[in-house]
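Colleague:
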Amino acid sequence: MGGSHMGFFLFCSLLFVLASASSTNLPIIPFDEGYTPLFGDSNLVIHRDGKSVHLSLDERTGFLFLLSFTFKNLCGGSVEMVIFWLKPSPFWSFHFWVVFAGSGFVSHDLYLHGYFSASIKLPADYTAGVVVAFYMSNGDMFRNNHDEIDFEFLGNIRGRDWRIQTNVYGNGSTSIGREERYGLWFDPAEDFHQYSILWTDSQIIFYVDNIPIREVTRTESMGGDFPSKPMTLYATIWDASDWATNGGKYRVNYKYAPYVAEFSDLVLHGCAIDPIENVAKCDNTQSSEAILSGITPVQRIKMENFRKKHMTYSYCYDKVRYKVPPSECVINSREADRLRKFDPVTFGSGRRHHGKRHPHNRGSQMEAASF
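Under mature numbering (1 follows the signal peptide of the UniProt record, and there is no 0), the residues of the sequence shown are numbered -21 to -1, 1 to 350, in order.
Quick look at the structure:
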């Protein structure tokens, strides 16, 4: 009997070690070692000896001296940038051009699978229309069939909470929206919180403060819709007024600018891929052994509790968009019942509104969770 108790204790200890190893045992790297600025110039500022990065979104006014171009954001938005400008002067009678400038950074390397993480503190106060994104993509290499794994943080009006959205698609399968949205049990603008992506050849797991909030398991029916090509990691802040808050009803108000998103505790743990040779730069065996896969029983309970209390939208239950759920969806009756009560029109058989319907971008007023 004593031996069986000891075996059970060792088994539980192993589960605890695996659950906690997802971030605490992985190295945090300085910005310059793993990343490079993507856009934004002075709107990207490095702090704490290179271990923290601030990204800001603001409004700039200046005289357009040369010409402008449009930066196509990989998340789907366009940010107007200016090649060169001069500051306004009382001696000039020229017209001035208002420019909305966000910022972003990108990893040096491409990765095929790995664990990617950052501690993020979001802007406070009125943030409607603002989107902060932490995501993986290969859109610069595969414009028509790119893969993407997204964390998107959607701003809100004063007094309403930030919403968090996750999305996954592969091989350019953007026609099938795989979004999920959630509230959080904390204010993400008050302090840093950790957001992580685990990507293997068979699953994708999203974490908030080491709690798994979503698991995407690769199925045969998904085919190329599961991300399977090397990707780089991005972090951006940008103006998404056209859709981010209540379908564009509330827009960015630059009276509250600059909007600053802070990133620290940067983790890039995976096998880098040579973009030309498409060959791994590291030992695949060592990399795969170091990258955890699967969710422990304890973590699964935490994930179910989170989804029960904080999930406000899932494409798998959206009866307006999909008469039949996409084939990879695993329907959970408790999740379905809760979402049906939350929004009977989208998730149930309630009476539909007239006109075109857009996915919800609601803030969550759910109770705080204890995990």
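Just so you know, even glycine gets a beta-carbon here, dropped at the ideal spot from N, CA and C.
With burial defined as no fewer than 16 other Cβ atoms inside 10 Å of the residue's Cβ, what is the status of Arg157: buried or exposed?
Modeller: One-based indexing of the sequence shown puts residue 157 at position 178. Arg157 should be labelled buried.
Colleague: Would you call the region 191 to 210 and the region 95 to 111 in contact, with 3 or more CB pairs under 8 Å?
Modeller: With a cut-off of 8 Å, the region 95 to 111 and the region 191 to 210 do not count as touching, because too few Cβ pairs lie within range.
Colleague: Does the structure place the region 18 to 34 close enough to the region 219 to 230 that three or more beta carbon pairs sit under 8 Å?
Modeller: Not touching, per the Cβ criterion.
Colleague: Here's a check: name, in chain order, each residue in its chain whose Cβ is nearer than 6 Å to the Cβ of Ala315, leaving out the five neighbours to either side.
Modeller: Reading the sequence shown from its first residue, position 336 is the one you call residue 315. Same-chain partners within the cutoff: Tyr296.
Colleague: So, with DSSP's three-state summary, where would you put Leu21?
Modeller: Counting from 1 along the sequence shown, the entry for residue 21 is found at position 42. Before going on, a small fix: residue 21 reads as Ser here, not Leu. Ser21: helix per DSSP, three-state reduction.
Colleague: Excluding five sequence neighbours on each side, which residues of the same chain lie with their C-beta closer than 8 Å to the C-beta of Ser72?
Modeller: Reading the sequence shown from its first residue, position 93 is the one you call residue 72. Legend: pLDDT at Ser72 = 41, less than 50; position of this residue unreliable, no value from coordinates given.
Colleague: Under DSSP, the alpha helix (DSSP H) around Met290 begins and ends at which residues?
Modeller: Translated into positions along the sequence shown, residue 290 becomes position 311. From DSSP, Met290 is part of no alpha helix (DSSP H) but of the beta strand (DSSP E) over Met290 to Ser293.
Colleague: Using CA atoms only, rank isn't needed, just tell me which of Phe326, Leu247 and Pro209 is closest to His125.
Modeller: Position 146 of the sequence shown, counted from the start, is the residue given in the question as residue 125. Comparing alpha-carbon positions, the option among Phe326, Leu247 and Pro209 lying closest to His125 turns out to be Pro209.
Colleague: Beta carbon of Arg35, beta carbon of Tyr238: below 8 Å?
Modeller: Taking the first residue of the sequence shown as 1, we reach residue 35 at position 56. Taking the first residue of the sequence shown as 1, we reach residue 238 at position 259. A small correction: the amino acid at residue 35 is Ser; Arg does not occupy that position in the sequence shown. Contact flag set, yes.
Colleague: Should Thr15 be labelled buried (16 or more other beta-carbon atoms within 10 Å of its own) or exposed?
Modeller: Taking the first residue of the sequence shown as position 1, residue 15 is located at position 36. Thr15 comes out exposed.
Colleague: Out of Glu241, Val231 and His92, point me to the one whose CA is closest to Ala251's CA.
Modeller: Sequence index remark: in the sequence shown, residue 251 carries index 272 (1-based). When only C-alpha atoms are compared, the closest one is His92.
Colleague: Among all the DSSP beta bridges, which residues are the ones paired with Val324?
Modeller: Start at 1 with the first residue of the sequence shown, and residue 324 comes out as number 345. For Val324, which the question treats as bridged, DSSP gives no partner whatsoever.
Colleague: Any idea if Arg27 is buried or exposed, counting beta-carbon neighbours within 10 angstroms, 16 or more meaning buried?
Modeller: As a working mapping, residue 27 is identified with position 48 in the sequence shown. Exposed: under 16 other Cβ atoms inside 10 Å.
Colleague: For Glu256, count neighbouring Cβ atoms within 10 angstroms of its own Cβ and tell me buried if that reaches 16, exposed if not.
Modeller: Here residue 256 is taken as the residue at index 277 of the sequence shown, counted from 1. With fewer than 16 other Cβ atoms within 10 Å, it is exposed.
Colleague: Tell me whether Ala315 sits in a helix, a strand or coil according to DSSP, three-state version.
Modeller: By 1-based counting over the sequence shown, the position of residue 315 is 336. Here Ala315 sits in helix by DSSP.
Colleague: Quick one: grab the DSSP three-state call for Lys100.
Modeller: Against the sequence shown, residue 100 aligns to sequence position 121. Note: Lys100 maps to strand in three-state DSSP.
Colleague: Taking only the alpha-carbon atoms, compute the straight-line gap between Leu65 and Leu177 and give it to the nearest angstrom.
Modeller: Your numbering for residue 65 matches position 86 in the sequence shown. Your numbering for residue 177 matches position 198 in the sequence shown. Low confidence applies to Leu65: its pLDDT is 39, below 50, so where it sits in the model is not reliable, and the reading given next is rough at best. Each residue's alpha carbon lies about 45 Å from the other.
Colleague: I need the DSSP call for Tyr233, collapsed to helix, strand or coil.
Modeller: Within the sequence shown, residue 233 is the residue found at index 254, counting from 1. Residue state, collapsed to three classes: helix.
Colleague: State the start and end residues of the unbroken alpha helix (DSSP H) segment that holds Asp11.
Modeller: Start at 1 with the first residue of the sequence shown, and residue 11 comes out as number 32. Note, Asp11: alpha helix (DSSP H), Phe10 to Gly13.
Colleague: When burial is assigned at 16 or more other CB atoms within 10 Å of the CB, is Val309 buried or exposed?
Modeller: As a first step, residue 309 must be located in the sequence shown, where it is residue number 330. By the neighbour-count rule (16 or more Cβ atoms within 10 Å), Val309 is not buried but exposed.
Colleague: Hey, out of Asp129, Ile192, Pro305 and Phe84, whose CA is closest to Phe18's CA?
Modeller: Stepping through the sequence shown from its first residue, residue 18 is reached at position 39. Answer by Cα proximity: Phe84.
Colleague: Can you give the Cα-Cα distance for Lys51 and Asp119, rounded to whole angstroms?
Modeller: Numbered from its first residue, the sequence shown carries residue 51 at position 72. Numbered from its first residue, the sequence shown carries residue 119 at position 140. A caution first: Lys51 carries a pLDDT of 43, below 50, which makes its placement in the model unreliable, though a value can still be read off. When rounded, the distance between both Cα atoms is 10 Å.
Colleague: What three-state label does DSSP hand Arg27 in the structure shown?
Modeller: Along the sequence shown, read from residue 1 onward, the residue named residue 27 stands at position 48. It is helical.
Colleague: Please go through the region 113 to 145 and give each complete alpha helix (DSSP H) segment of 4 or more residues, from N-terminal end onward.
Modeller: none
Colleague: Helix, strand or coil, according to DSSP, for Arg300 in the structure here?
Modeller: Sequence index remark: in the sequence shown, residue 300 carries index 321 (1-based). DSSP places Arg300 in coil when its eight states are reduced to three.
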